[in-house]
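Residues in the sequence shown are numbered consecutively from 26, following this note's numbering. Virtual Cβ for every residue (Gly too), placed ideally from N, Cα, C.
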Amino acid sequence: MAIEPTLFRYIWKYSKRDQLVLLVVTSLLFPLLYLTLELPKRIINDAIGSQSSEIEFWGYSFSQVQFLALLCAGFLLAVLAHGLVKMRVNTMKGILAERMLRRFRYTLIGRLMLFPQPYFERVSQGELTSMITAESEPMGGLMGDAISQPVLQAGQMITILGFLFVQSFWFGLAACALIPLQAWLIPKLQRQINKLNKERIKQVRVLAADIGESAVGASALRANGGWRYRMAVITAQLGRMFDIRFEIYQKKFFMKFINNFISQLTPFFFFSIGGYLVLQGSVSLGALVAALAAYKDLSSPWKELLTYYNQTQDMSVRWEIIIERFAPSGMMDEKLFTGRPEEIPALTGDIVLDHVTMRDADGNAVLEDLNVTLPGGKVIAIAAPSTEDRKAFTELLSREVLPSSGAVTIGGRDLKGLHHGVIAARIGSASSRPVLFKGTFGDNVTMPIRQSPKGESENAALIAEALRAGNSPDALDVNWIDPSVAGFETQEELRDWWLRLIEGMGPGNALFRRGLDQSFDAERHPDLAERIVELRGRIRFAVKEAGLARHVHAFDPELYNPALPVADNLLFAVPRRSITAEEVAAQTEFLGQLRSLHLDRPLIEVTQEVIDVLRQIFGMDGTDHPLFRNLGLEAATYETAVELVEKSRKQGTSALSQDELASLLTVPMRISAEKIGVAFPEEIREQVLALRKSHSAQLLESMGDLFDPLDETRFAPGLTVMENALFGKISQDAGSRGDDLRKLVAAVLVESGAQEGVVQLIYDLPVSISGSNLPSIFAEPLALSRATIKRPDVLILNQVLASYSAETRASVHDNLRRHMPDTTLIYLSERLEDVPAHDVAFELVQGRIVSEDMQIGEEADSAASADLGRKLRALEQTELFSTLNRKQLRLLAFGARWFEAPAGETVFLKNDAPTDGAYLILEGEAGMYLPKEEGPDELIVTAGPGKLVGELGLIRNEPRALSMVAESELRCLRIGAKEFLAVVEHDAATAFKLLQVVAGYVGT
């Protein structure tokens, strides 16, 4: 996916054939254009101005009228042909432009896959997205116009000028004589106007700042009598903008005057000199008229050529900027990503890191001189207190980042030269914060299994067009899941493998509990639907025995269910899918039934009362409140309903159109009495129950398949697993009893063997962009599933299942070892104690691997570097700063100073200003004393190595609360106030740990 260094080389390389074809078609315009200029002259001179009633033409004799009709028909055909060819040229240019833009965007997105991971940390996602979308958009037009546009416009100019010179040398000379003057003068004036426009934009921004300042400080202006002066400031700013605009208008319209004058000066010469030549008989009248018509068409191509020139200059600069941004140093080899490898060898055996060093973008070592062998097939525990170290080690082993020096080999195979398809198939990695993609839970889990399409697309034209645009030939509308990647033959075997993997999380795990809140189609999971219906009686009995029945709103045809919306209660049914106004409007039979049975009025009255209640509670500006969002009603639907309620009251129900009635009925199909609370009128309940008894069956039949009736002997697809099992809804007021109900239902389902079916529903769980709708308790199992479903040879687990208990992690580990006994398991954690039973253990400290017989050494470096390194190690070993990345640590270390004090020396006194910063104790102890007016000072606490002293004064910007005295020889790092506060402001993990420390002070 290499990109040419210049825009025009890129265009020529990928569209040479299309550009030449377009050039040939464009050239057809010029003879047709000449005809449209020549024929009017012939019509005037040879037909209208003929001195004879009989005209000879190409050996044929025509009357004057016949010849006039023939020439006019020829002119009409020439104009039509010229227009059709020009339309075809423009269509071809548009298609070519879009095809080239599609290729360019695809190339840029493909290059993203080759970027080194650290580059994404330096360049914002928004900037890259903007370049691929908005900034590349104008290039598409130029890619289509690259050759044909200058040829077309220049050809039109040459054709017109040639026609003028043919008529008379003086006509041609007059037409082009003033073009150089326009080419010099107009751009010069335009540059002055552009400069003034830039200044106007600056002044508009100043005005915007003044307006914002005035709006924020309106009360202060009123209180201090400053509004008159403030308005004078605004007046002065508006005046400056007026002066700039006035100057722009003067120059702009002067430029237009000059341009128009020059444009009209040429016709002056035509009329004066051309008229003289006509009178002298040197030029015919038809030639003069045709010359005037041709000159009018001359200015347009000239302007287009100037525009084209400006566009090429602008796009060339933009191209260079984009290419520079999409060609970072350290990009991965494209050959290692292209196609599929001929074979996917097993990556078994020892993992050898041979003097590996990995550096960041600034050249600083992140992992340094790693020289260690990780035994293959074993469980390896690596304790790394630094988040950055764990992340870097994972990226190193998964080849997300290439080492600056040294080599990584697995079973004798150098990772650097392996096709990435082998890496993706044989190495799995998972973290506690996985990157998720929009789709479903199953789509994300099976990502490693979707390596290539299995089948041919039915839309061959779509694939052919994709290939012409240099895009992927892979079709999206075919099956991509390949169980053979994991060594299975069918998708059922693959899903069984996934279920075995998560068995280690135990019965009633988080995925199972989340599955209880899923709804599903009984046709896709018939066994589970049947099992749930069978268990309803057992579950009802268990709920009753546990004394939890009053916390369930059971579905009873004789009672109003407060947990169901009004429409659901009316029909005693639940919708199969989400109800929208458009969906209701499409139910014409249902709406007709309502009107014919005169039920629209009572339902609208119900809606009016509901809207009145909501308006009293939320008003018109409270739709962003969490309580309103909890209603499940969109703000737009609510606002529309408010307007329609007013209309129905003023004009009556009959005044509502079909769409308006549907919009109103959306409200009772969404709102339940329980969500509104005690404000929900009792009269509505009674009215709905009465309508249910008299008309529910008839109305339900008219709704088609939109609603499914509630029947204790049938599964309801519109309800969740939990609601189907209970045949009711848990009350919102159940509180902790709601959790008890969930546990009880879960236990019954597990005992009956339904757990596997419920967990499978997670596959259909929607995942939003970046997985924002999935809490970590579900995202972590997804990450583990995605890494293990392909049965990798090497599995790297970086703080996986951190949200779960140690018992669950140990159980998952045992399960993994049981099902993947030959896989090399590498656990990365803050402490070795957090890793389950392991065969080998290492520590990753300050970017270096150490074991019991290894010590961290220091490079022979300059004194300044060695001093910075000592500060870095001191800060990194402190719990408070252990989560900082290396760059922040270096900044903090750079601003820190060594501080030593003998025993008994006072470091600072109570009420001193905290300007000297905070003290990180490295050696010795310090006492924190509260001074007493009489007697010795009171020792409050003793701080030892690893403790940070004086940070509260910095945060609160208040004098010291205690005095600090060295109890023994004291060695500290003094951290400056600005450096410390910058870290707290920009690093959430450090701020949270500091909050924990402060909470500890409060607790003591």
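**OP:** Flag this pair as touching only if the stretch 381-392 and the stretch 452-461 have three or more C-beta atom pairs under 8 Å; answer yes or no.
**Re:** no
**OP:** Return the CA-CA distance between Q612 and D546, expressed in angstroms with no decimal places.
**Re:** 22 Å
Original post:
Beta carbon of A103, beta carbon of L60: below 7 Å?
Top reply: yes
Original post:
Hey, how far is the Cα of G872 from the Cα of P141?
Top reply: 19 Å
**OP:** To the nearest angstrom, report how far apart H623 and A687 are at their CA atoms.
**Re:** 15 Å
**OP:** Determine the contact status of A943 and L973, defining contact as a CB-CB distance below 7 Å.
**Re:** yes
**OP:** Return the first residue and the last residue of the beta strand (DSSP E) that W923 is part of.
**Re:** 922-926
Subject >> Endpoints, the beta strand (DSSP E) within which S430 is located >> reply: 430-435
Subject >> Proximal residues to L440 (C-beta, below 6 Å), its chain only, five neighbours per side dropped >> reply: R424, V433
Original post:
At what residue ranges does the stretch 964-990 contain a whole run of the alpha helix (DSSP H), taking only runs of 4 or more?
Top reply: 976-981
Subject >> Buried versus exposed call for G882 [16 or more other C-beta atoms within 10 Å across all chains shown] >> reply: Any reading at G882 must be qualified, since the residue scores a pLDDT of 43, below 50, and its modelled position is unreliable; no value is offered.
Original post:
In the DSSP assignment, what are the bridge partners of F87?
Top reply: I80
Subject >> Rounded separation between M845 and H838 - CA only >> reply: 10 Å
**OP:** Tell me whether G464 sits in a helix, a strand or coil according to DSSP, three-state version.
**Re:** strand
Original post:
Of all the beta strand (DSSP E) runs that stay within the bounds of the stretch 597-639, which reach a length of 3 or more residues?
Top reply: 598-600
Subject >> Integer-rounded CB distance, given that R130 should sit under 8 Å from I157 >> reply: 6 Å
Subject >> Residues near I828 in its chain [Cβ-Cβ closer than 8 Å; skip 5 each side] >> reply: In the sequence as displayed, the identity of residue 828 is Ser instead of Ile. If we look at S828 and ignore the five residues flanking it on each side, its Cβ neighbours are S457, S801, I802, E805.
Original post:
Taking the alpha carbon of V692 as the point to measure from, which residue in T605, G743, D71 has its own alpha carbon closest?
Top reply: T605
Original post:
Buried or exposed: where does P30 fall if 16 or more other Cβ atoms within 10 Å of its Cβ makes it buried?
Top reply: exposed
Original post:
Between the stretch 473-483 and the stretch 500-508, are three or more C-beta pairs nearer than 8 Å?
Top reply: yes
Original post:
For R350, which of T154, R842, L619 has the nearest alpha-carbon?
Top reply: T154
Original post:
If we ignore side chains and look at the alpha-carbon of each, how far apart do Q91 and S75 end up?
Top reply: 12 Å
Original post:
Counting Cβ pairs, one atom from each stretch, are 3 or more of them under 8 Å apart for the stretch 483-503 and the stretch 726-741?
Top reply: no
Original post:
To which residues of the same chain is M879 closer than 6 Å at the C-beta, ignoring the five residues directly before and after it?
Top reply: Residue placement at M879 is flagged as unreliable, the pLDDT there being 41, under the threshold of 50; the coordinate-derived value follows with that caveat. Around M879: no qualifying Cβ.
Original post:
When the Cα atoms are used, what is the spatial distance from D765 to L905?
Top reply: 39 Å
Original post:
Hey, out of G464, E329, K935, whose CA is closest to P791's CA?
Top reply: G464
**OP:** Just list the alpha helix (DSSP H) runs in the stretch 226-278, keeping only unbroken ones of 4 residues or longer that don't cross its boundaries, in chain order.
**Re:** 243-249
Subject >> Nearest neighbour of A94, chosen from A106, P65, H107 [CA to CA] >> reply: P65
Original post:
Helix, strand or coil: how does DSSP classify M845 here?
Top reply: coil
**OP:** Could you pull out every unbroken beta strand (DSSP E) segment of at least 3 residues lying fully inside the stretch 355-436, listed in chain order?
**Re:** 376-384, 390-399, 404-408, 430-435
**OP:** Using the Cα positions of A1110 and F418, report the straight-line distance between them to the nearest angstrom.
**Re:** With the chain running from 26 to 1029 in the structure shown, residue 1110 is simply not present.
Original post:
Applying the criterion that 16 or more other CB atoms from any shown protein chain within 10 Å of the CB defines a buried residue, is L189 buried or exposed?
Top reply: buried
**OP:** Determine the extent of the beta strand (DSSP E) in which S7 is found, giving its start and end residues.
**Re:** In the structure displayed, the chain extends from 26 to 1029; residue 7 sits before or after that span and is not available.
Subject >> Minimum C-alpha distance to R384 - residue among G529, K896, E413 >> reply: E413
Original post:
Does the Cβ-Cβ distance between Y144 and P353 come in under 7 Å?
Top reply: yes
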